[in-house]
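*Asks:* Residue numbers (my numbering): 25 to 202. Think of the CB as a built atom: it goes at the ideal place given N, C-alpha and C, for glycine as much as any other residue.
Below, the structure written as structure tokens:
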């Protein structure tokens with residue numbers, strides 16, 4: 025029942041001109057006219073160029089190999105690819121796939137407070153992986169606290185999945201008598 029009133033409020037805000045700058049900025053972003061969007065697109069292209077030129081082990085964590093290029097891109101996956109190459113990116117993807125798989129395996133068919141926490145951590149981990157497509161904070165050494173957050177969530181998933189695996193799966197039958 026809230027959808028209609030919220031839609032009317034949004035339409036009124038747009039019609040009256042409140043938030044017009046936001047809508048304009050959003051439109052410029054979607055049409056690649058916004059300076060920030062243009063910068064990100066150049067970063068993505070630059071990252072692909074670096075990965076093509078240095079595919080296996082990347083360029084490291086120093087400066088770019090050419091004065092015409094710069095390292096750093098707003099995508100964890102491209103950042104890993106340009107810094108430590110396709111080999112490093114493959115290792116990273118295998119690790120996060122194993123963590124995600126173990127988290128899902130620990131949740132399916134089990135119950136308990138630790139499984140609820142595991143489900144929350146798994147959702148957070150998948151959200152972090154989605155955000156990693158358009159942000160670099162979970163791999164950038166300048167933001168070590170967010171890098172730590174990423175790996176603490178991953179470690180929590182592994183720890184809780186190991187704990188959940190020690191209990192039998194929920195068979196749908198209550199163990200309480202009465």
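Just the Cα atoms here: how many angstroms apart are residue 117 and residue 61?
*Replies:* Here residue 117 refers to the residue found at position 93 when the chain shown is read from its first residue. Here residue 61 refers to the residue found at position 37 when the chain shown is read from its first residue. Cα to Cα, the separation comes out at about 26 angstroms.
*Asks:* Using the Cα positions of residue 84 and residue 95, report the straight-line distance between them to the nearest angstrom.
*Replies:* Taking the first residue of the chain shown as position 1, residue 84 is located at position 60. Taking the first residue of the chain shown as position 1, residue 95 is located at position 71. Straight-line Cα distance between these residues: approximately 9 angstroms.
*Asks:* For residue 82, count neighbouring Cβ atoms within 10 angstroms of its own Cβ and tell me buried if that reaches 16, exposed if not.
*Replies:* Within the chain shown, numbered from 1, the residue matching residue 82 stands at position 58. Flag for residue 82 reads buried.
*Asks:* Nearest by alpha-carbon distance to residue 78: which of 64, 45, 93, 27 is it?
*Replies:* Numbered from 1 along the chain shown, position 54 holds the residue referred to as residue 78. It is 93.
*Asks:* According to DSSP, is residue 5 part of a helix, a strand, or is it coil?
*Replies:* With the chain covering only 25 through 202, there is no way to say anything about residue 5.
*Asks:* For residue 145, is the classification buried or exposed, using 16 other Cβ atoms within 10 angstroms of its Cβ as the cut-off for buried?
*Replies:* Working through the chain shown from its first residue, we reach residue 145 at position 121. By the neighbour-count rule (16 or more Cβ atoms within 10 Å), residue 145 is buried.
*Asks:* Would you mind sorting residue 35 into buried or exposed? The rule is 16 or more other CB atoms within 10 Å of its CB.
*Replies:* Working through the chain shown from its first residue, we reach residue 35 at position 11. When all chains shown are included, residue 35 counts as exposed.
*Asks:* Take the Cβ of residue 109 as the centre, count every other Cβ of all protein chains shown within 10 Å, and call the residue buried at 16 or more, exposed below.
*Replies:* For the purposes of this step, residue 109 is taken as residue 85 along the chain shown, with counting starting at 1. Answer is buried; the Cβ neighbour count reaches 16.
*Asks:* So which of 178, 107, 154 has the shortest CA-CA distance to residue 141?
*Replies:* To locate residue 141, count along the chain shown from 1; it is residue 117. Per the Cα distances, 178.
*Asks:* So, for residue 201: in the same chain, excluding its five sequence neighbours on each side, which residues have a beta-carbon less than 8 angstroms away from its beta-carbon?
*Replies:* The sequence position of residue 201 within the chain shown is 177, counting from 1. Here residue 201 scores only 45 on pLDDT, less than 50, and its place in the model should not be relied on; the value that follows carries that caveat. Contacts found: none.
*Asks:* Going by the beta-carbon positions, is the gap between residue 130 and residue 183 smaller than 7 angstroms?
*Replies:* Numbered from 1 along the chain shown, position 106 holds the residue referred to as residue 130. Numbered from 1 along the chain shown, position 159 holds the residue referred to as residue 183. No, the pair does not count as a contact, with Cβ atoms beyond the cut-off.
*Asks:* Can you tell me which of 181, 37, 28 puts its alpha carbon nearest to the alpha carbon of residue 122?
*Replies:* Along the chain shown, one-based indexing puts residue 122 at 98. Comparing Cα positions, the closest option is 181.
*Asks:* Is it buried or exposed, residue 163, if we count other Cβ atoms within 10 angstroms and call 16 or more buried?
*Replies:* As a position in the chain shown, residue 163 is number 139, starting the count at 1. So residue 163 ends up on the buried side.
*Asks:* Please report the distance separating the alpha-carbon of residue 39 from that of residue 33.
*Replies:* Stepping through the chain shown from its first residue, residue 39 is reached at position 15. Stepping through the chain shown from its first residue, residue 33 is reached at position 9. Between residue 39 and residue 33, the C-alpha separation is close to 10 angstroms.
*Asks:* I'd like to check one pair, residue 98 with residue 160: are the Cβ atoms closer than 7 angstroms?
*Replies:* Here residue 160 is taken as the residue at index 136 of the chain shown, counted from 1. Here residue 98 is taken as the residue at index 74 of the chain shown, counted from 1. Cβ atoms of residue 160 and residue 98: closer than 7 angstroms.
*Asks:* Could you pull out every unbroken beta strand (DSSP E) segment of at least 3 residues lying fully inside the stretch 109 to 175, listed in chain order?
*Replies:* If we require 3 residues or more, the stretch 109 to 175 turns out to have no beta strand (DSSP E) run fully inside it.
*Asks:* Taking the C-alpha atoms as reference points, what is the distance between residue 66 and residue 119?
*Replies:* Counting from 1 along the chain shown, the entry for residue 66 is found at position 42. Counting from 1 along the chain shown, the entry for residue 119 is found at position 95. Taking the straight line from one Cα to the other gives about 29 angstroms.
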